[in-house]
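A short worksheet on the structure shown next.
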Amino acid sequence: MKRVKVKLELDRKSNAQVLVDADNSIVAMTNNNRFSAAEIVAQVTATKTANIALRAAMNAPTSDTKTDDIKSARVVLDYNYTKLGHQVEGVANDPSLSDDEKVAVVHSAHMDEQNHYHPQKHKFTVKNILPLGTAHVTAAGEANAHEWDWTLDVVNLQDRVHADSTTKANTDIFVPNAKKGTEVAFFHKPIIAKKKTAWEGPIFLTLV
């Protein structure tokens, strides 16, 4: 029997990505019987509070303290989300569970387990290309067509812009008036005959 370990990799993620990841875990763990212990419910609430605080700091008007406020709020969110991950590990490593069941517990919290892939990993990629403000998006090729969205609102993910749909699995998306260092969120939806599909994303890209 192996011991599973949660892989959050918060030090490698932007503020916007951590907001999305934490939101997903909060939703997945709320009213989830696997995580009904009082201390876990309390930690889900603490993580939600920290997530709201970071979002508010990022949405706040520009001020002399905004950068420091965002950094402070991020530290608090990282602490609480990491603590939540450790609690998920504790549930997953119940000796009565099989190896596959342990991994399933981690995935049910919308977290990744080291050496395994989350079943909801995005099936598309985004990279910078020239000229500045252009992103090349690529999806898996099994769909009949593809829809693409993007937004500059990387905090609330509102005001999405619909790019041209394509029959091929890749395209270039130009973000008007973009400046170097601008962060953009991208979304993809595969269109498959006689099958209901959902939007994938966001994937965040910093324009360079």
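First residue of the sequence shown: 3, per the working numbering; consecutive thereafter.
For each residue, glycine too, the CB sits at the ideal point set by N, CA and C.
Exercise for the section: Would you check if there are 3 or more beta carbon pairs closer than 8 Å linking the region 82-96 to the region 46-55? Expected result: Segment contact: the region 82-96 against the region 46-55, three or more CB-CB distances shorter than 8 Å; contact assigned.
Exercise for the section: Could you name the residues that DSSP lists as bridge partners for ASP114? Expected result: LYS9, per the DSSP bridge assignment.
Handout entry: Whole-angstrom distance between GLU202 and ILE194, CA atom to CA atom
Key = Across the structure, ILE194 and GLU202 are spaced so that their CA atoms are roughly 14 Å apart.
Problem - CA nearest to the CA of GLU11, picked from ASP23, GLU103 and ASN35 - result: Selected option, being the one with the closest Cα: ASP23.
Practice task
Pull up the distance between the alpha-carbon of HIS164 and that of VAL43, whole angstroms please.
Solution key: When rounded, the distance between both Cα atoms is 38 Å.
Problem - Closer than 7 Å to chain C by CB, ASN26 - result: Here there is only one protein chain, and chain C is not present.
Problem - Where ILE131 falls, given that 16 or more other Cβ within 10 Å makes a residue buried - result: Counting Cβ neighbours within 10 Å, ILE131 comes out exposed, since fewer than 16 surround it.
Practice task
Inspect the beta-carbon positions of ALA18 and VAL156 and report whether they are closer than 7 Å.
Solution key: Between ALA18 and VAL156, the gap from beta carbon to beta carbon is short of 7 Å.
Handout entry: Bounding residues of the beta strand (DSSP E) (the contiguous stretch that carries VAL163)
Key = Where VAL163 is concerned, the enclosing beta strand (DSSP E) stretches over 163-168.
Exercise for the section: Pull up the distance between the alpha-carbon of VAL6 and that of SER98, whole angstroms please. Expected result: When the Cα atoms are used, VAL6 and SER98 turn out to be separated by approximately 13 Å.
Exercise for the section: Tell me where the alpha helix (DSSP H) around ASN53 begins and ends. Expected result: Segment 40-61, the alpha helix (DSSP H) holding ASN53.
Handout entry: Nonlocal neighbours in the same chain, by C-beta distance under 8 Å from ASN33, ignoring five residues either side
Key = Around ASN33: no qualifying Cβ.
Practice task
Have a look at THR140 and THR127 and give me their C-alpha separation to the nearest angstrom.
Solution key: Rounded to the nearest angstrom, the two C-alpha atoms are 5 Å apart.
Exercise for the section: Kindly confirm or deny that the region 179-196 and the region 146-154 touch, where touching means at least three C-beta pairs closer than 8 Å. Expected result: The answer is yes - the region 146-154 touches the region 179-196, with three or more Cβ pairs under 8 Å.
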